[in-house]
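Beneath this line is the structure, given in structure tokens, with notes to follow.
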Amino acid sequence: MSEKTINKLIDMYCQLGDILFDRKILRGFLDLDKILIQQESKVMDKTEKSKTPV
């Protein structure tokens, strides 16, 4: 997802009626999600490489 798209999403969430989201909190969640996806990808790569064909 591009930085521009991420900023648009954050702006939209910050403007939701009764619920006010802090930009830093939203950015933190997005960054955490990105890190978790990268870690999951690394684990999957290692798992695939460690499997030896029979």
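Position 14 of the sequence shown, counting from 1, maps to 14 under our numbering, and the rest follow consecutively.
In this text, a Cβ means the ideal position worked out from N, Cα and C, and glycines have one as well.
Please report the residue range of the alpha helix (DSSP H) in which residue i lies.
| i | result |
| --- | --- |
| leucine 9 | 3-14 |
Put residue i into one of helix, strand or coil per three-state DSSP.
| i | result |
| --- | --- |
| aspartate 22 | coil |
Is residue i buried or exposed, if buried means 16 or more other CB atoms sit within 10 Å of its CB?
| i | result |
| --- | --- |
| isoleucine 35 | exposed |
### Query
Taking contact to mean at least 3 C-beta pairs separated by less than 8 Å, is the segment 22-36 in contact with the segment 4-14?
Short answer: they touch.
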